[in-house]
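Residue numbers (our numbering): 146 to 484.
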């Protein structure tokens with residue numbers, strides 16, 4: 146996915162493949178899109194309009210988070226471009242799911258084309274992902290409190306929560322190692338490159354990734370992460386933006402309830418969003434397609450929301466926070482590739 150490091154012909158093939166996957170995703174989910182469109186016609190468009198405004202605010206908040214991290218590492222970048230990059234990264238994370246790591250390739254590629262250290266961009270993207278997961282862990286903890294008080298926490302939610310915690314901690318260990326020892330990070334990345342080469346050797350009959358390039362790249366990443374040792378408070382502002390993004394997504398769910406005049410409590414909204422986002426990340430399908438649509442109505446029903454209204458809220462919220470950003474991300478990705 147590091148587009149800037151491969152031949153132009155291969156780059157075109159990858160771009161075609163990405164849009165082929167995106168088209169397949171839309172076709173695969175056509176029934177869901179049709180149901181979502183029909184459902185939206187039954188909503189109060191005043192609340193839907195406010196929800197769309199909050200979707201835009203959430204997108205801007207993500208861009209501001211990236212801008213704060215880039216500035217922390219000494220890179221000045223325009224907010225508009227970072228919003229495009231953030232949106233495109235979200236698009237890549239859906240069509241080529243990898244727990245949020247695939248979107249880093251968008252920032253790495255852009256850095257290579259704009260002649261600033263790719264490792265710096267990777268470090269900023271990794272930190273942003275870590276803070277995003279950290280902000281969600283706060284919401285997840287609140288959701289657990291609600292579910293435990295209502296005696297509603299089941300084995301599936303517990304298992305997914307522990308997997309989420311493991312992913313968060315693993316990324317934290319990676320960032321800690323990178324901020325303290327570029328050499329050790331280089332050994333880890335070189336080992337990963339070696340394992341990938343061994344896996345792909347029967348197919349390509351050559352080393353797909355260079356271990357030396359991995360070591361050089363790790364030094365660039367470590368240089369960006371090293372700022373954490375001297376400016377630990379510098380991550381507070383990006384953390385605020387990460388928390389605000391989660392707050393905005395929670396408010397969008399609240400507006401979805403209001404748009405269909407569905408009775409709710411604060412606990413229902415918090416636990417509902419926590420469940421939604423948990424299975425968005427910890428899912429065997431890209432961004433929880435098919436999984437979220439099945440499990441979120443069940444979760445809302447267990448929180449005393451009537452079944453039909455649970456389905457309506459799920460389809461609408463999914464349209465606002467998944468399909469709308471996915472469309473914007475596809476457009477952003479195309480715009481960035483043309484520049």
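Where a beta carbon is used, it is the ideal one built from N, C-alpha and C, also for glycine.
Top-ranked residue by Cα proximity to residue 337, from 307, 210, 260 and 360 = On the chain shown, residue 337 is found 192 positions in, with the first residue counted as 1. Of the listed residues, the one whose Cα sits closest to residue 337 is 360.
Would you decide whether residue 299 is buried or exposed? Buried here means 16 or more other CB atoms lie within 10 Å of its CB.
-> Against the chain shown, residue 299 aligns to sequence position 154. By the neighbour-count rule (16 or more Cβ atoms within 10 Å), residue 299 is not buried but exposed.
Three-state secondary structure assigned by DSSP to residue 167 | Locating residue 167 in the chain shown gives position 22, where the first residue counts as 1. Bear in mind that the predicted position of residue 167 carries a pLDDT of just 47, short of 50, making it too unreliable to give a figure here.
Which residue's Cα is closest to the Cα of residue 449: 407, 437, 483 and 422?
-> If you number the chain shown from 1, residue 449 lands on position 304. That would be 407, whose Cα lies nearest to the Cα of residue 449.
Determine the DSSP secondary structure at residue 418, reduced to helix, strand or coil.
-> To locate residue 418, count along the chain shown from 1; it is residue 273. Correct three-state label for residue 418: helix.
Which of the three DSSP states, helix, strand or coil, is assigned to residue 332?
-> For the purposes of this step, residue 332 is identified with residue 187 of the chain shown, where counting begins at 1. Residue 332: helix per DSSP, three-state reduction.
Own chain, CB closer than 6 Å to residue 409, minus 5 neighbours either side, in chain order | Within the chain shown, residue 409 is the residue found at index 264, counting from 1. So the list reads 402, once near-sequence residues are dropped.
Please classify residue 483: does DSSP put it in a helix, a strand, or coil?
-> Taking the chain shown and counting its residues from 1, the one referred to as residue 483 is at position 338. In this structure, residue 483 counts as helix in the three-state DSSP scheme.
Go through the segment 188–261 residue by residue and report every complete run of the alpha helix (DSSP H) that reaches 4 residues or more, in order.
-> 190–217, 224–240 and 249–258
Return helix, strand or coil for residue 450, following the three-state DSSP convention.
-> Position 305 of the chain shown, counted from the first residue, corresponds to residue 450. If DSSP states are grouped into helix, strand and coil, residue 450 belongs with coil.
If we ignore side chains and look at the alpha-carbon of each, how far apart do residue 328 and residue 316 end up?
-> Your numbering for residue 328 matches position 183 in the chain shown. Your numbering for residue 316 matches position 171 in the chain shown. Their Cα atoms are separated by approximately 18 Å.
Check residue 401 in the structure and name its three-state DSSP category.
-> If you number the chain shown from 1, residue 401 lands on position 256. Here residue 401 sits in helix by DSSP.
The segment 464–475 contacting the segment 225–238, beta-carbon criterion three pairs below 8 Å | yes
When you compare only the Cα positions, how much space is there between residue 404 and residue 198?
-> What you label residue 404 is simply residue 259 of the chain shown in a count that begins at 1. What you label residue 198 is simply residue 53 of the chain shown in a count that begins at 1. Spanning the two alpha carbons is a distance of roughly 14 Å.
So, are the CB atoms of residue 427 and residue 305 less than 8 Å apart?
-> Locating residue 427 in the chain shown gives position 282, counting from the first residue. Locating residue 305 in the chain shown gives position 160, counting from the first residue. Yes.
Of the residues 274, 190, 271 and 461, which one's Cα is nearest the Cα of residue 421?
-> Here residue 421 corresponds to residue number 276 of the chain shown, with the count starting at 1. Residue 421 has its Cα closest to that of 461, out of 274, 190, 271 and 461.
Would you kindly work out how many angstroms separate the C-alpha atoms of residue 379 and residue 263, rounded to a whole number?
-> The sequence position of residue 379 within the chain shown is 234, counting from 1. The sequence position of residue 263 within the chain shown is 118, counting from 1. Approximately 21 Å, taken between the alpha carbons.
Length of the line joining the Cα atoms of residue 440 and residue 417 = Here residue 440 corresponds to residue number 295 of the chain shown, with the count starting at 1. Here residue 417 corresponds to residue number 272 of the chain shown, with the count starting at 1. Those two C-alpha atoms are separated by around 10 Å.
Which same chain residues, not among the five before or five after residue 424, have their C-beta less than 8 Å away from its C-beta?
-> Taking the chain shown and counting its residues from 1, the one referred to as residue 424 is at position 279. Counting only Cβ-Cβ distances below 8 Å, and skipping sequence neighbours, we find 305, 433, 436, 437, 440 and 441.
Residue 373 classed as buried or exposed, judged by whether at least 16 other C-beta atoms fall within 10 angstroms = Indexing the chain shown from 1 puts residue 373 at position 228. The residue in question, residue 373, is buried, as its Cβ has 16 or more Cβ neighbours within 10 Å.
Over the uninterrupted alpha helix (DSSP H) stretch that includes residue 312, give me the two end residues.
-> In the chain shown, the residue the question calls residue 312 occupies position 167. Counting along the chain, the alpha helix (DSSP H) containing residue 312 begins and ends at 300–325.
Rounded distance between the beta-carbons of residue 465 and residue 200, thought under 8 Å = Position 55 of the chain shown, counting from 1, holds the residue named residue 200. Position 320 of the chain shown, counting from 1, holds the residue named residue 465. The pair is a contact, with the Cβ atoms about 6 Å apart (cut-off 8 Å).
Residue closest to residue 393, alpha-carbon to alpha-carbon, out of 190, 207, 191 and 189 | If you number the chain shown from 1, residue 393 lands on position 248. When only C-alpha atoms are compared, the closest one is 207.
If you follow the alpha helix (DSSP H) that residue 277 is part of, which residue opens it and which one closes it?
-> Numbered from its first residue, the chain shown carries residue 277 at position 132. Note, residue 277: alpha helix (DSSP H), 263–294.
Compute the Euclidean distance between the alpha carbons of residue 168 and residue 347, then round it to the nearest angstrom.
-> Walking along the chain shown from the start, residue 168 turns up at place 23. Walking along the chain shown from the start, residue 347 turns up at place 202. Low local confidence applies: a pLDDT of 48 at residue 168 is under 50, so the model's placement there is unreliable, with the coordinate-based value given in what follows. Going from the Cα of residue 168 to the Cα of residue 347 covers about 30 Å.
Distance CB(residue 458)-CB(residue 288) smaller than 8 Å = Working through the chain shown from its first residue, we reach residue 458 at position 313. Working through the chain shown from its first residue, we reach residue 288 at position 143. Contact flag unset, no.
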